[in-house]
Each structure stands twice: as C-alpha cells, then as structure tokens.
Amino acid sequence: MAAIEMKNIVKQYGDGFPAVNDVSIDVADGEFLILVGPSGCGKSTLLRMIVGLEDITDGDMIIGGKKVNDLAPRDRNLSMVFQNYALYPHLTVYENIAFPLRLAGASDSEVDKKVRDASKTLELDEHLERKPGNLSGGQRQRVAMGRAIVRDAEAFLFDEPLSNLDAKLRGQMRTEIARLQKRLGITTVYVTHDQTEAMTLGDRVAVLKRGVLQQLATPRELYENPANLFVAGFIGSPPMNFLPATVKGNQVELPFGTVTIPDDKAAKAQDKGLLIAGVRPEHFEDASVVDSDKVTEEATFNATVDVVEWLGNEAYAYIPFEAPPEVEKQLQQLERDLDGESLRTQLVVSLDGASRISEGDDAKIWVDARKIHLFDPASGDNLT
Ligand code: ATP
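263 is the number that UniProt numbering gives to position 263 of the sequence shown; each next residue is one higher, with no gaps.
In structure tokens:
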C-alpha cells in the first residue's frame with residue numbers, strides 16, 4: 001500500500017482550458033479519497049494520470065515516495081475498476097478474477113487460494129464457473145472488484161464503478177465497497193459525479209470544477225463550510241438556498257425580512273454591498289414547531305407558501321422570491337457550472353414532521369442564523 005501525491009498536476013489536451021489545472025492532492029496511505037464534480041471537470045483525466053493511461057503535461061505524480069510520471073501503467077502496481085467492468089466475456093468468473101495473477105505468473109495453487117478468498121469476500125463463490133453474460137449487473141461489478149483485490153496492489157482506483165447499476169443496487173454496492181475498503185485498508189481513489197457516493201464513501205473529498213480543485217476536505221467540512229458557491233451548490237440535496245442579501249451591522253436583509261447573525265460572521269461581510277446568502281433547507285423551519293426561546297423577531301419572517309411536498313418521512317415547503325439582476329446572473333452561471341441544477345426563484349424549507357403548514361399559508365418561518373453563509377457574488381467565495 002502506498003500514499004499518492006499529486007503535485008501541481010496539469011493536463012492540456014489542445015488549445016482550450018486545461019482539463020486538469022494545477023491540482024495538488026496528497027492521498028494518505030490507506031485513505032479513501034473521492035474525486036467529484038460535474039461532467040467534464042477533469043476527474044477521470046486525473047485518475048487516468050495516476051494509473052498512467054494518460055501522460056502528465058506538467059507536475060509530478062508520486063506513488064509510495066517514487067516519481068512515476070514516466071512509468072508504464074503495468075509498472076505502477078495499481079488496481080483499477082472501470083465503469084463498464086471490462087470483464088472478458090469468454091472467461092468464467094474464476095478466470096476473470098484470476099487474470100491478473102496469471103499475468104504475473106502466479107502458481108496454480110496461489111491463484112486458487114487468492115481467487116477463492118476474494119470470491120468469498122465478495123459472495124461470488126457460487127458463481128465461479130459462470131460467464132459474465134449470465135450475471136446480474138451487481139455480480140459483474142463484484143467480479144471486477146474481485147479482479148482488483150486479488151493483486152497486492154499499492155492502491156485501488158475506481159472510475160464511476162456504480163453508474164451502470166439501478167438505484168437500489170447502487171446503494172448496496174456502495175456499502176459493500178465502503179466495508180471492503182475499510183477491511184483491506186488500501187489506499188483508494190474513487191471518481192464519481194454522484195454527491196451521495198462522495199459524501200458516504202470518502203474519508204476526504206476533492207471537488208473539481210473545470211479542471212480546478214475547489215475544495216479538499218472531509219464530507220462534513222464540505223457540507224458545513226463550503227469554500228465557495230460552487231461547492232455549496234454541488235453538495236447537499238435539495239441544494240442550498242441562495243438568496244440576495246445585504247449586511248448592515250449584524251443584520252442581514254433577505255427577500256423576506258431581516259435576520260440577526262452572529263457578530264463574527266457579520267464582521268467578515270461588512271461594506272461588501274449586495275451578497276448572496278446561502279442557507280440549507282434544513283436550517284429553516286416552521287416557527288410554530290421550534291422551541292419558543294429561539295423564535296425571536298430577529299430570527300423569523302413571514303412568507304406565503306406556494307407548494308408543500310409531503311414525502312412521508314419529510315416535507316418541503318416552497319416559497320417563491322425575486323432576485324435582483326446581479327444575483328440572478330451569478331445564479332444562472334452557477335446553474336450552468338452545476339450541469340443544470342435548478343437553484344433560483346424559490347426558497348426550499350425542509351419541514352419538521354410536526355409542522356402543519358399547508359399551501360397558501362402565510363407562514364412564520366424561523367431561520368437558524370448561525371448557519372447562514374455569505375458569498376461574494378463576484379468571486380463566489382464564502383466570506384463567512
Ligand atoms: P465525465 O464525468 O463526463 O467523464 P470528467 O469530469 O471525468 O467527465 P474528463 O473526462 O476528465 O472529465 O474530461 C475533462 C475535459 O477534458 C473535458 O473538457 C473533456 O472534453 C476533455 N478531454 C478528455 N479526454 C480528452 C481527449 N482524449 N482529448 C481531448 N480532450 C479530452
């Protein structure tokens with residue numbers, strides 16, 4: 001097992017903007033690191049440079065303390081699992097898993113032991129004589145993983161391994177991968193565009209946008225302290241609400257009224273003109289179900305609820321608002337960056353099960369002012 005150090009990595013494919021632009025990430029020995037971002041952000045290119053399937057334009061790739069820029073893929077001793085599994089259709093499950101061991105010249109007895117161990121771990125022992133064509137998507141996925149784990153590789157690399165599976169199976173396989181990685185304790189770099197996979201699997205998550213690293217942090221840090229509008233909008237479902245905001249003293253003027261924020265937050269956002277406030281849906285609430293000591297005039301506002309969506313275990317209230325053109329423009333750009341995610345025109349409030357708010361109500365809404373983020377609309381940076 002080995003640590004992977006990416007030092008100022010650049011990949012330039014032609015004349016356009018670089019597919020990967022000066023990215024530096026250290027993956028610790030045994031760490032599970034996620035590369036996440038919308039389509040085209042450069043995550044697969046970065047992974048392919050770790051494996052050696054793509055040349056590095058600039059920067060250094062260091063694996064286990066050794067610079068590997070010019071090393072062929074087979075000499076890097078990494079195990080990669082692809083999106084389409086890349087199984088051999090004419091070989092049995094047994095021989096598919098055995099393939100890298102045979103390539104390395106392992107003895108029959110060694111092959112047999114390792115294949116049987118891996119297939120037990122992955123619950124494939126009953127299917128060893130079958131061909132990939134007769135397996136379900138989830139089983140094929142496991143064979144691909146089996147082939148990766150039989151080798152004593154320095155690290156595992158996964159490129160969107162679950163994207164061909166249906167939602168239920170994806171959830172199951174996600175848990176299996178997490179369990180397997182913890183048990184084997186092997187350094188893992190995993191590419192996905194799915195924020196749920198990123199948040200649940202990663203020890204740390206690297207968020208990329210157009211080849212540039214936006215933030216490298218634990219899932220909790222990303223969620224609680226997003227570095228900028230892009231990360232804030234990308235992580236969380238439904239996404240964070242973005243509202244026009246002006247700060248005066250410790251008062252933030254929002255489209256629905258004025259709320260008071262903590263002094264330290266306010267100090268960072270003084271004299272900045274029009275800002276974008278970011279508040280997650282769960283940090284608003286129906287004021288009638290919040291502890292009465294929290295429901296002060298400074299933390300509540302009245303708004304007419306347009307639609308209520310009740311999903312059984314949760315409910316969302318939607319409240320339309322208008323944003324001035326400067327904010328509207330920035331949010332339109334953000335929607336494009338996020339691949340069309342819809343962020344504007346309505347506030348989404350996640351309601352407690354006890355709430356009886358219904359459509360058309362002029363409701364009193366409480367906001368947890370400590371959880372309000374303030375973003376610079378020009379740079380997108382989180383000021384708070
Ligand atoms: P996806 O999730 O769609 O696979 P990604 O985040 O993995 O996207 P990459 O596949 O790494 O993104 O691509 C990053 C950028 O590099 C894109 O703009 C893509 O068009 C470009 N690109 C990728 N491979 C090549 C190539 N072989 N030649 C030219 N441009 C490429």
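Glycine included, C-beta positions come from ideal geometry on N, C-alpha and C. Note that the coordinates shown come from a computational prediction; the quantities given were computed from them, not determined experimentally.
Would you mind reading off the limits of the beta strand (DSSP E) that contains residue i?
i           : result
Met80       : Leu78 to Val81
Pro132      : Note, Pro132: premise wrong, no beta strand (DSSP E); not H, not E.
Gly137      : No beta strand (DSSP E) holds Gly137; the alpha helix (DSSP H) holding it covers Gly137 to Ile149.
Ala3        : No beta strand (DSSP E) contains Ala3, which DSSP labels as neither H nor E.
Ala315      : Ala315 to Pro320
Ser24       : Val20 to Val27
Ile34       : Phe32 to Val36
Ser350      : Gln346 to Leu351
Asp337      : Here Asp337 belongs to no beta strand (DSSP E); instead the alpha helix (DSSP H) covers Pro325 to Asp337.
Asp286      : Phe284 to Asp286
Ile357      : No beta strand (DSSP E) holds Ile357; DSSP gives it neither H nor E.
Asn84       : Run containing Asn84: none; DSSP gives neither H nor E here.
residue 386 : Here the chain comprises residues numbered 1 to 384, so residue 386 is not present and cannot be evaluated.
Gly278      : Leu274 to Val279
Tyr13       : Element bounds for Tyr13: n/a, residue is neither H nor E.
residue 448 : No information on residue 448 is available, as it lies outside the stretch 1 to 384 that the chain covers here.
Leu157      : Ala155 to Asp159
residue 385 : The requested residue 385 is not part of the displayed model; the chain covers only 1 to 384.
So residue i packs on residue j, CB below 8 Å; how close in whole Å?
i           : j      : result
Thr304      : Ile319 : 7 Å
residue 386 : Val51  : Nothing in the structure corresponds to residue 386, since the chain is present only between 1 and 384.
Lys268      : Asp376 : Between Asp376 and Lys268 the Cβ distance is about 10 Å, and since that is not below 8 Å, they are no contact.
Short check: CB of residue i to CB of residue j, under 7 Å?
i      : j      : result
Ala232 : Pro238 : no
Ile372 : Val247 : no
Thr188 : Phe82  : no
Asn96  : Leu87  : yes
Leu351 : Asp286 : yes
Lys67  : Leu208 : no
Asp22  : Val10  : yes
Pro262 : Arg142 : no
Phe284 : Val349 : yes
Leu180 : Gly138 : no
Met49  : Asp29  : no
Ser355 : Val295 : no
Val259 : Val367 : yes
Pro18  : Asp339 : no
Ile34  : Tyr190 : yes
Leu184 : Gly146 : no
Tyr85  : Ala144 : yes
Leu162 : Ala178 : no
Val150 : His127 : no
Leu101 : Lys113 : no
Pro219 : Met199 : yes
Asn69  : Met80  : no
Phe230 : Asp337 : yes
For the alpha helix (DSSP H) holding residue i, just list the boundary residues, first then last.
i      : result
Val115 : Asp108 to Thr121
Thr196 : Gln195 to Leu201
Leu222 : Pro219 to Glu224
Met61  : Element bounds for Met61: not the alpha helix (DSSP H) but the beta strand (DSSP E), Asp58 to Ile63.
Lys209 : Unbroken run through Lys209 is the beta strand (DSSP E), Arg204 to Lys209; no alpha helix (DSSP H).
Thr296 : Premise fails: Thr296 is in no alpha helix (DSSP H) and is neither H nor E.
Leu101 : Val93 to Leu103
Asp264 : Asp263 to Ala267
CA-CA distance, residue i and residue j?
i      : j      : result
Pro89  : Leu135 : 11 Å
Phe256 : Pro244 : 10 Å
Leu331 : Ile276 : 9 Å
Ile63  : Lys7   : 11 Å
Val20  : Gly65  : 22 Å
Ile56  : Leu47  : 11 Å
Lys329 : Glu335 : 10 Å
Gln270 : Asp381 : 15 Å
Ala363 : Leu347 : 13 Å
Ile357 : Asn313 : 15 Å
Glu221 : Met173 : 25 Å
Glu54  : Thr45  : 7 Å
Tyr13  : Asp159 : 20 Å
Glu322 : Ile365 : 18 Å
Val155 : Ala148 : Here residue 155 is Ala; the residue named in the question, Val, does not match the sequence. Whole-angstrom Cα-Cα distance: 10 Å.
Asp58  : Leu213 : 16 Å
Leu165 : Cys41  : 22 Å
Glu297 : Gln333 : 34 Å
Glu129 : Thr384 : 58 Å
Asp306 : Pro281 : 15 Å
Asp125 : Ala106 : 21 Å
Ser379 : Pro324 : 17 Å
Lys131 : Ala98  : 13 Å
Lys182 : Val111 : 24 Å
Glu309 : Thr345 : 17 Å
Ser24  : His193 : 20 Å
Is the beta carbon of residue i within less than 6 Å of some heavy atom of the ligand NAP?
i     : result
Ala19 : This structure lacks the ligand NAP; its bound ligands are the ligand ATP.
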